Every structure is written in C-alpha cells, then in structure tokens.
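Numbering (mature numbering (1 follows the signal peptide of the UniProt record, and there is no 0)), first residue to last: -24 to -1, 1 to 908. Each remark here refers to the structure printed beneath this line.
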C-alpha cells in the first residue's frame, strides 16, 4: 500500500512538473494579429498569405486571412521577426516586427496591398483628355492640359481650371474651400502672400497643382493628427526646369503710356528652391495704378535643418473714382444715399519672415518663426454724397441724383455732404513663434511646448474739411442750414501680445490617442487720440475752405469731446480634451473645448474716466471625421467653435467719433464676446473607368452674441446714430457642387459647377417716433451655376462657358422693397499654336447685369482680349507679343454687399481699351543633371 502511495505521488510530481514546464513555455508565447486591405478599394482581402520568418530567414509560422481580412498567428516566442504578406496579382509587403516586450497579443497596423499595375503618368492622362484627377484626398490639376499663351502667369492658369473662383486680391477658393497659402514641392512660397505667387510665377514652370487640406505643423511634428487643417496649393515644378537656374526678362510699352517690366530668377531642386522676382508697371485695369515689387523666397533642407524665408518690398500708387448707392433698412421708410469718391493713395511696405526647423535627433523638432513688417502710406480723398428720405430714382426725370440735386432739395433730399481729406499712416510690427516637440519611445506619446509674442506700433495723421447742407433745417438768417468743420486728427496705437501652448498626446491602445491641450494668450492694446478742430463761425472768419485748410492747423483748438486715451487688457485661456482614432478606413478626432475670456478696459477723456471689466466662459464640442470609402472616394465632416473678443473702443458709452456729424457711433459697455460655431462637410470621388470626378462641399456657420447695431435715424437731418449690441441669429451657409468629365470623344471635357450661398444678418432700427427698438433681418440667397465645355488638340485649345448669378435678398423692413439682382456671363477662350512658333490667343466675355439701383450699373459688357506672339532665336527663348486689352472698351466693375442695416452697390471706374507690345527673353544658367 505504501509502495502504491509513492507511485501515485511520483506520478503527480512528474505530471505537475511537466505541466508547469508546459505552462511556463506557453506563458512566454504570444499571438500576432492584423488585418489586410485592398489599397485601392479598401475592401478586406480574403485568402491573403501571411508568413513569419525569424532573423535567420527560417519559416516559423503563418496563415491566411478570413472573410474580414483578419489573420492570427500564435505560439511566437518574444523575439524579432520578419513578416511577409502576399496575394496573387498584388505587390507583396514585408515588415520587421519586434515582439520582445512579452505581451500576450500584438496587434499590428493594417496592411494595404497594391495591385501590380503601372499607374499612368501625366502625359498619358492629358492625352486622354484629363486635366484633373483625384489621388486619395488630393485633387491634382495637370498644368499641361490647360493650354496657355506664352508668358502667362499662374493666375491665368487658375482662371482656366474648373472649381476655382475668386482672385489674388480677394478670397481664392477651390471647390468652395479658401486657399490659405501656396507651397512649392511642399515648402512655403512667400509665406501667406498668395498674390505674389499668382502674379509673378510663370505658368510654364508648373507640372502639377495639388490641392489638399494640409495638417497643422503640430500634427506633423508629433505624428498625431489633431484634426486641424488648412487648404493649400502645392506646386510641382516641371522636370525640364529642375536643377538649373532659370531666368526671364520681360519689357512692354503701350498706348496711354502703359508700361510693364518683369524679371525673375528661379532655381528648383528636390530639397531646395530659390526665387527672386522684380516687377514694375501700370497695366492694371482698376483705375490709374502704378506698382513696383521686389521679392526673394528660398528654402534649404539639410540632414537635420530645414530653413526657409521670404523678403519683399512693395510700392503702390493708385488713383481711382468710385460711386455708390446705399439703402438703409429703416422700419417705416427706407433712407437712401448716393456718393461719389475720388481717391489717391501711395503705399510702401517691407516684410520679411523666416521658418527654421531643427531636428537634433529623430524624436525632437525645434521650430522658430520670426516675422517683421513695416508700411507707410499717404492718401488724399474727395467725396460728395447726399441722403434722401425716399428713393430718388422714383422721382420723374432723375437718372443721376448727385448731378440733379437742384431738382431734389425741395422734395426728398435731406442733406448734401462734401469733404476733402488727406492722411499719413505708418506702422511696423514684429512677431516670433517658437515650438519644441518631443516624441517618446512609446509610439504616439509626445509633448509640445510653444511660445509666441508680438509687438506692433502705428500712427495715423488725418486732416479733413467738411461742409454739410441741411435742406430741412432753416438757418438763422433764412435759407438752408450749412455746417462747416475742419478737423486735424492724430491717432497713435501700440499692441503687445504674449502666449503659450502645451500639448500632450498619450496612446490608449487600439489606435486611440488621448490629446490634452492648454493655451493662453495675454494682449494689451493702448492708443490715444489727439484732435484739434475749427468750427463755425471761425471757419468763415478765418477764410478756411476745401483748398487751403491744410495751412490752418495752428488756428485749430483742442477738441475736448474727442481727445482721449484707452487701454485694453485681454486674457484668453482654452483647454481642450480630445481623443484621436486612426484606422485604415476612417479617422476620428473628437473632444471638448473650454474657453475663458477676461477683458479689462480703461477710457479717459478730459471730463471723465471710464473702466469696464468683462468675463465669459464658453464650452463647445469639437469633431473631425474622415472616412475613406475607397482610395478615390472620401467623405469628411468637421465641427469647430471659436471665440472672438470685443473691440475695446466699442465698450465706451460716449460718442466715439464726431468727425462725420451724419454718422455717429456710441459705445456699449455691456457687449459680450461673440462665439462662432461652424460645420463643414465634403465628399469627393474619382471614377477611374470614366475619368469622371465629383466634389461636393457644405458649410454652415452660426454666431452667438454676434455684434450688430441699433440705428437711430433723424428724419430732419439724415443723421444716423449707431449703438453696437449683441444679437443672435446671424448665420451663413453654402453648398458647392462640381463635376468634371470627358465626353465620348476624349478631346472634349465637360465641367459643371454650382454654388449656392445663404446669409442672414440681424440688426435693430429705432426711428425718431419710437421708444423701443425693432429687430430686422436681411436674408440673402445667391445661386451661381456654371457649365464649361472644352476641346483640346495638340495645336488647338478652346473652351466655352455659360454662367449666371441670381441674388435674392429681402429685409424684414417693409420699406426695403425688392433687392434682387441678376447676372449672366458667357466666355469663350481659344488658343492656337502654329508650327513656325507663332501663337494666337483670344478670350471673349459677355456680362449682363440688371436689378441695381443706379442705371449705370445695369449694363451689358462686351470684353474682348487678344494676343499674337512669335518666338525666335535658338529654342525660341525670345518672344515678341502684341496684346490688346478690352478691344471693345466695355469693362467696368460693380459689387453689391449687405449688412443687417443696409444694402450697398459700388461702382469702380476701370481703365478701358489699351494695346501693349511685349518682349520676353528666357535663359538657363548652370544646368545640372538630375540625380537618378
């Protein structure tokens, strides 16, 4: 019995030892899992082969993916391996894995397998009639497809591309998104100065224009996407212009003493570029304008250092005539005004910026960005305006109210206002941003510290003579009451700001990352106003008039009502807690923003001291969602919120400015900061089988505590007194759609685009006989469709487009009336290349407008431009061109805008027909062969 007991004990001992050894072995083993996708369609791949090899190349395990594309390989020892994923007809992929940290389960990133096919290059694509393709989330325009006349700039290229509207002077938008900057080979080009790139960069240098939403610098440095984006144009330089110094010199002269001169020197390489430009000319169509500009932009990339910057000097001298027609939305009757302006302005500016990125090791980035600006200007302006109790155009026989005032003074006219002024302004500013980002050994963990500071100083001197005739007030000696005012105004201002930001990211596993952000900024604004005035009856006694008022400054007396000093301190703090989820099919950034604002304002005049202090606390969610349906079809949605501080001077309860007695503005110490909420959605698709692309964008913005105004209107004098107030209900939204497709004959391309905008402005109006303000609102809907048909051959390129614009606007004031306007535009563009080096290009545009108050704005425009050029010398590096602008002399500029209290139509006098003869010479220096 005892012998049997020892046998049983020995058996359990051996079994327990074996089990312990087996358990110890299994405890050291791990499981590897992952998922395999088709890189193009993003579909899970069934039956993909997964093989694991040790460091010596010995096969140690493997498997195949299931219907969900998932594979699992177990019993792997904690060591380093090589993993190979393959599928017939696809390019195999290999990975190095380190399983040494003894985790039981390893989940590797998703594997994307690409089909073994050759992608078409841009020559094949353009040969099939394609100037536009979609590469994942990047819209690519092939510049070679859009045939341009020799010497064309980048601005002309953008005007011919579908989905582009706006200009270098205004908001440039592509597919409904505002472009914030231009890059060359991924590097900044003249910072945020888009106009310089568009005006002076030769179009022939460009191979591709890639439009995409660029991640923030913080995201690129930390490796964690925080959801912040800005739309950029990234230019790829044509291969023929790489690795050499390329120069261009151009001179032109024409009728009406028009002249133009340009020179540029460019060097583009894979990791660096240098651009030097110079320009001078008076060939603008907007008034009598003279421009000179010199600029330098560069970038150098080394192993650990990336440095770039720009320096530019700009001089502009311009004289322009304008006319405007304004309708103010009053409660029971609408007040109308007509104005004429003559302006002269001369401005100089010098700006420089630099971006430096230093990577002392693979885990650390230090970035420093200094910036400095200086500007000075001198201006002169004369204006003549009049206010009316009702629409002057409804009076029989009235076509130009300001030229027919003698017929209106006894009926609808309230006043006439004549003023002459001149001014001098100078300002300079400096700014410095510094950031340090440190990644840690644990992937996804990072810390970023940022500091920024800025300082600016400005001074404005202004002298003005004003005469106002009041047609409904009687002077003491009879006749209309006439008021004279001469004012000499000096306004210096200083602004200082400091800020800091701390960002921390922590991986949470399963592709989740925690994002913590704290940032604070402290700003101080100090300014003062020194005013001296000459009022009636001293104006008449001294003999001051609109031609000699500059000489009487010594006779002016201090204006105690307007002399003042102000100081505004503003502190903003924001905390963000968010999470980032990054998967192959989708990306998600979600979080909560907590925003705190504190504002202290001090205002002092000779008679009083006013101080105010405001505090506000706001919170809002933040969301960015990006879904990849396939590699050529995407959807994105984002929501963000932003606080906007109150302009310090709007907090003062006194009248802020008496310089224009017909337009007075009071302050409001109870104003609160506004808070904006914005939602954006986008969808894009490129069908490779039909080469058809689609793009849809939707935007909606609503502002809480938006700053609007209450308007009090004096029916006897026409004087309007405005008080800023907070309102809710201001909003805007837009829908943009674009489709680009080749037709059955691949030489034809059809592009359709439609833009619908809605805007709502809320305000108040108080008439003289009312005690309580009435809220009114302006609702505006605009609809702008466009269709373009293009035809392209090797020697011929032409396109015809038809577009329109319908602007439907209504104000809740019954007296506002019908504010609808209509527009129609037809455009024909054509270019022909002759085999002997001659090129002919022409564009013809017909514009029709109707619905405007001033009949001169309701016009039909026929605009015809043409160019004939001939190349000569070896390689046709020299070219002479004859350009005719506005051959039919039909160009003018009209613009309509709205606010909560008024509708404004503005007419700009444009320079008409002129002819110029251009000579251009291109040269190449120090050409180097590109590295293989």
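Ideal placement from N, C-alpha and C gives every residue a C-beta, glycine not left out. All of these numbers come straight from a predicted model, not from anything done at the bench.
Which of helix, strand or coil DSSP assigns to residue i
i           : result
residue 633 : coil
residue 867 : coil
residue 470 : strand
residue 480 : strand
residue 465 : strand
residue 491 : strand
residue 131 : helix
residue 885 : coil
residue -15 : Because residue -15 carries a pLDDT of 37, less than 50, the predicted location of this residue cannot be relied on, and no value is offered for it.
residue 404 : strand
residue 766 : strand
Distance, residue j Cα to residue i Cα
i           : j           : result
residue 860 : residue 820 : 12 Å
residue 910 : residue 205 : Here the chain has residues from -24 to 908 only, and residue 910 is not among them.
residue 712 : residue 651 : 25 Å
residue 199 : residue 47  : 27 Å
residue 9   : residue 623 : 57 Å
residue 708 : residue 592 : 24 Å
residue 89  : residue 249 : 35 Å
residue 185 : residue 469 : 42 Å
residue 126 : residue 264 : 26 Å
residue 164 : residue 210 : 9 Å
residue 296 : residue 258 : 13 Å
residue 539 : residue 635 : 12 Å
residue 645 : residue 588 : 7 Å
residue 649 : residue 188 : 33 Å
residue 175 : residue 256 : 12 Å
residue 12  : residue 720 : 37 Å
residue 403 : residue 369 : 43 Å
residue 396 : residue 525 : 9 Å
residue -3  : residue 52  : Confidence is the limiting factor: at residue -3 the pLDDT is only 37, short of 50, which leaves the residue's position unreliable and the question unanswerable from this model.
residue 366 : residue 884 : 25 Å
residue 434 : residue 674 : 40 Å
residue 894 : residue 229 : 7 Å
residue 897 : residue 171 : 24 Å
residue 122 : residue 506 : 56 Å
residue 456 : residue 692 : 12 Å
Residue from the options whose Cα sits closest to the Cα of residue i
i           : options               : result
residue 319 : 338, 298 and 503      : 298
residue 574 : 24, 546 and 587       : 546
residue 329 : 275, 382 and 730      : 275
residue 600 : 585, 563 and 162      : 563
residue 405 : 856, 375, 361 and 471 : 471
residue 757 : 805, 543, 710 and 788 : 710
residue 16  : 73, 92, 35 and 33     : 92
residue 740 : 724, 699 and 132      : 699
residue 415 : 437, 335 and 303      : 335
residue 647 : 671, 621, 639 and 631 : 621
residue 817 : 845, 556 and 464      : 845
residue 355 : 377, 436 and 409      : 436
residue 430 : 118, 65 and 346       : 346
residue 701 : 694, 689, 716 and 682 : 682
residue 864 : 520, 871, 836 and 168 : 836
Residue i Cβ short of 7 Å to the ligand ADP heavy atom set
i           : result
residue 739 : With respect to the ligand ADP, the structure offers nothing, as it holds no ligand at all.
ask   = Counting only runs that start and end within the segment 709 to 754, where is the beta strand (DSSP E) found for 3 or more residues in a row?
value = 724 to 743
If we require 3 or more residues per run, which beta strand (DSSP E) segments fall completely within the segment 600 to 685? 609 to 620, 639 to 641, 650 to 663 and 668 to 680
#### Entry: Ranges of the beta strand (DSSP E) found wholly within the segment 275 to 333, counting only runs of at least 3
281 to 304
For the 8 Å Cβ check, are there 3 or more pairs between the segment 603 to 616 and the segment 653 to 673?
yes
Next on the checklist: Within 8 Å, do at least three Cβ pairs link the segment 113 to 120 to the segment 82 to 94?
Outcome noted: no
Along the chain, which unbroken stretches of the alpha helix (DSSP H) at least 4 residues long are found entirely within the segment 509 to 587?
514 to 518
Query raised in the report: Which runs of the beta strand (DSSP E) spanning at least 3 residues fall entirely within the segment 356 to 386, listed in chain order?
Result: none
- Message: Does the segment 514 to 532 come into contact with the segment 626 to 642, if we say contact requires no fewer than three beta-carbon pairs (one atom in each stretch) closer than 8 Å?
- Response: no
- Query: In the segment 7 to 70, which residue ranges form an unbroken alpha helix (DSSP H) of at least 4 residues, counting only runs that do not cross its ends?
  - Reply: none
Can you list the beta strand (DSSP E) stretches of 3 or more residues lying completely in the segment 785 to 860, in chain order?
797 to 809, 814 to 826 and 836 to 848
Handout entry: Touch test, the segment 441 to 453 against the segment 472 to 479, Cβ-Cβ under 8 Å, three pairs minimum
Key = no
task: Decide if the segment 350 to 363 is in contact with the segment 385 to 396; the criterion is three or more beta carbon pairs, one per stretch, under 8 Å apart.
output: yes
*the segment 35 to 42 / the segment 20 to 27 touching (three or more Cβ pairs under 8 Å)*: yes
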